[in-house]
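The structure appears below as structure tokens.
Number of protein chains: 2
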Amino acid sequence: MRTYGQYCAVAKALDVLGDRWTLLIVRELLLSGTARYTDLRNGLPGIATNLLAERLRELESAGVVLREEAPPPIATTVFRLTPRGEQLRPLLDELGRWGIPYMTEGPAEGDLFREQWMAWPAELFLTDSHPEGPPVSIELHAAESPLVIETADGEVHVRRGRATNPDVVLRGAPHPILGLFSGQMGLEEARGLGVEVEGDAAALERVLPAAPVLVPPGASESRP
Amino acid sequence: MRTYGQYCAVAKALDVLGDRWTLLIVRELLLSGTARYTDLRNGLPGIATNLLAERLRELESAGVVLREEAPPPIATTVFRLTPRGEQLRPLLDELGRWGIPYMTEGPAEGDLFREQWMAWPAELFLTDSHPEGPPVSIELHAAESPLVIETADGEVHVRRGRATNPDVVLRGAPHPILGLFSGQMGLEEARGLGVEVEGDAAALERVLPAAPVLVPPGASESRP
DNA sequence: CCGCATCCGGGGCGATACTG
DNA sequence: CAGTATCGCCCCGGATGCGG
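Going down the list, the protein sequences come from chains A and B.
Numbering-wise (our numbering), the first sequence opens with residue 1 and increments by one.
Numbering-wise (our numbering), the second sequence opens with residue 1001 and increments by one.
Right under this line is the structure:
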């Protein structure tokens, strides 16, 4: 493990987490709960397989990741975060919050996308405007595998998978969906960009922001 | 700029911040407010000068760092964070919080230390147990350049420099000072490890935690 | 198919020297 | 003081192989 050699809390944290791909592996485990090696590879497009194996070993010996041999009939190894690893959630939330402006600008050329990455924008932007009402569940299809957005106790939660009986199903490309979530775009405008709303649109509007959320510009200021 | 190529807020943030040394440069600027190139080098022992220059350029073009030509008679360039860079403070706080356990274990062999790095443990551990009383100021000498710990409105703040009229002056090695701050170590025990308290010890005890703060173990679980 | 290990080319990184 | 220049080295990325 390459170390900064500084007796400083921030530097020590980066000694463990600062290598390339490391925090993205933590992201995937936070989003998945448990994941197989192949699931991680799929959620981390671009990673070299030897790097994934090496990072998992490092995170394991740092007490952040746990490797478990699943019992039959699964018969595969699954990875999950330790409690110490779970403590990284606020850190990843801050990273996501700071990175949101780069997302609202739309995907860059060649950017890949996985449905679960929408979890940060969703939990950041969406709020339950009618918390005393019955819970709503929204199924989101922005890529290949759906996401469920649910309200509970006035809070909005996101998880992977399908809803048993969704109030509304939302389909569309990530960027217009994000515009909808951030309030930068109205429902009609989103429809014009291919977003489809199937079911009870009121359930959707209940969690959408009433006014555009102020997102600081993320792009660079150009220099002479 | 090397990018992960993922349309994800966390990945986008790491595209900007994930390179080696980058977040430590932000740390120094958060701690210093403004800093000259040489100040940054001093606060980042181990960094190669070309890397510091390159990172500063990247951070500048990312809108995180501002480079200013100070007017005469200073006649030097100073660096500071933009508002966008200031927004990284919660992120660095989370990094510091997560890294604290590695600090309480004591410095590793060859670890270097700078006084200002004590800011995170201090603001994390210390609280004003008597907020309605008059403000107290504590001057801390754990290395070469002193730190001031002050209470204001029931909050504890840390800044570089000296106090005009400190209630108490605290001197000692970083590790026992940290033990004191985290409540793992009593005042008498700290004295035995070379910590000196000069002035009103009650002012110090006012901000120290009454009971040991629970710090999760940071060390790795050893494997077979 | 799953979970890697190995090999190899390129570039980011680290250390030192040098300069306006 | 504030960098640029240079040069190894090792980390990273991509491809392939391979045992369970």
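Using N, Cα and C, we set each Cβ at its ideal position, and we do this for glycine too.
{"Item": "Local conformation of Val1064 of chain B per DSSP, three classes", "Value": "coil"}
{"Item": "Identified DSSP bridge partners for Glu1078 of chain B", "Value": "Reading off the sequence shown, one finds Val at residue 1078 of chain B, where the question assumed Glu. Paired residues: B:Arg1036, B:Glu1068."}
{"Item": "For Glu132 of chain A, the three-state DSSP class (helix, strand or coil)", "Value": "coil"}
{"Item": "Residue environment, Ser145 of chain A, which counts as buried when at least 16 other CB atoms sit within 10 Å", "Value": "exposed"}
{"Item": "Reference Val1156 of chain B; option with closest CA among B:Met1185, B:Leu1140, B:Leu1178, B:Phe1125", "Value": "B:Phe1125"}
{"Item": "Beta-carbon proximity list for Glu189 of chain A, same chain, < 7 Å, skipping 5 on both sides", "Value": "none"}
{"Item": "Under 8 Å from the C-beta of Asp1111 of chain B: neighbouring residues of chain A", "Value": "Gly5, Gln6, Tyr7"}
{"Item": "Exposed unless 16 or more other CB atoms sit within 10 angstroms - verdict on Thr151 of chain A", "Value": "buried"}
{"Item": "Through-space distance from Val1065 of chain B to Gln1087 of chain B, alpha-carbon basis", "Value": "12 Å"}
{"Item": "Extent of the continuous beta strand (DSSP E) to which Gly1199 of chain B belongs", "Value": "1196-1199"}
{"Item": "C-beta contact flag for Leu1187 of chain B and Pro1176 of chain B at 7 Å", "Value": "no"}
{"Item": "Inter-residue Cα distance where the pair is Ser222 of chain A and Thr104 of chain A", "Value": "Here the model assigns Ser222 of chain A a pLDDT of 38, short of 50, so the residue's position is not dependable and the matter cannot be decided."}
{"Item": "Inter-residue CB distance, Gly1096 of chain B and Val169 of chain A (contact presumed, cutoff 8 Å)", "Value": "Actually they are not in contact, since the Cβ atoms of Gly1096 of chain B and Val169 of chain A sit about 42 Å apart, beyond 8 Å."}
{"Item": "Beta carbon proximity, Arg171 of chain A to chain B, threshold 7 Å", "Value": "no"}
{"Item": "Beta-carbon proximity of Ile149 of chain A to Ala119 of chain A, cut-off 7 Å", "Value": "no"}
{"Item": "Neighbour flag for Glu1221 of chain B against chain A, beta carbons, 7 Å", "Value": "Annotation note: pLDDT 45 at Glu1221 of chain B (below 50); position unreliable, no value reported."}
{"Item": "Residue environment, Gly133 of chain A, which counts as buried when at least 16 other CB atoms sit within 10 Å", "Value": "exposed"}
{"Item": "Residue closest to Pro107 of chain A, alpha-carbon to alpha-carbon, out of A:Pro174, A:Glu28, A:Val26", "Value": "A:Pro174"}
{"Item": "Proximal residues of chain B, C-beta to C-beta of Tyr37 of chain A below 8 Å", "Value": "The premise fails here: Tyr37 of chain A is roughly 18 Å from chain B at the closest Cβ pair, so nothing lies under 8 Å."}
{"Item": "Below-7 Å beta-carbon distance, Ala211 of chain A vs any chain B residue", "Value": "no"}
{"Item": "Candidates B:Tyr1007, B:Gly1005, B:Tyr1037, B:Asn1042, of which the one nearest Gln6 of chain A by Cα", "Value": "B:Asn1042"}
{"Item": "Proximal chain A residues relative to Ala1011 of chain B, where beta-carbon distance stays under 7 Å", "Value": "Leu24"}
{"Item": "Helix, strand or coil at Thr1164 of chain B according to DSSP, with G and I counted as helix", "Value": "coil"}
{"Item": "Within chain B, partners of Gln87 of chain A - CB distance below 9 Å", "Value": "Arg1097, Trp1098, Pro1216"}
{"Item": "Beta carbon of Gln1184 of chain B nearer than 7 Å to that of Pro1217 of chain B", "Value": "no"}
{"Item": "C-alpha gap between Asp19 of chain A and Leu1024 of chain B, whole angstroms", "Value": "14 Å"}
{"Item": "Beta-carbon contacts of Ala48 of chain A that lie in its chain and below 6 Å, excluding the five residues immediately before and after", "Value": "none"}
{"Item": "Residue range of the alpha helix (DSSP H) that includes Leu1187 of chain B", "Value": "1187-1192"}
{"Item": "Cβ shell of Leu208 of chain A (< 6 Å), same chain only, five flanking positions each side left out", "Value": "none"}
{"Item": "Residue of B:Thr1022, B:Val1158, B:Ile1138, B:Ser1182 minimising C-alpha distance to Thr1164 of chain B", "Value": "B:Ile1138"}
{"Item": "Top-ranked residue by Cα proximity to Ala1202 of chain B, from B:Arg1162, B:Pro1135, B:Arg1057", "Value": "B:Pro1135"}
{"Item": "Glu139 of chain A - containing beta strand (DSSP E), residue span", "Value": "137-141"}
{"Item": "Start-to-end residues for the alpha helix (DSSP H) that takes in Thr1104 of chain B", "Value": "1089-1104"}
{"Item": "Interface residues of chain A facing Glu1123 of chain B [CB-CB closer than 8 Å]", "Value": "Within chain A, no residue comes near Glu1123 of chain B; the closest Cβ sits about 11 Å away, beyond 8 Å."}
{"Item": "Contact with chain A by Pro1090 of chain B, beta-carbon distance below 7 Å", "Value": "yes"}
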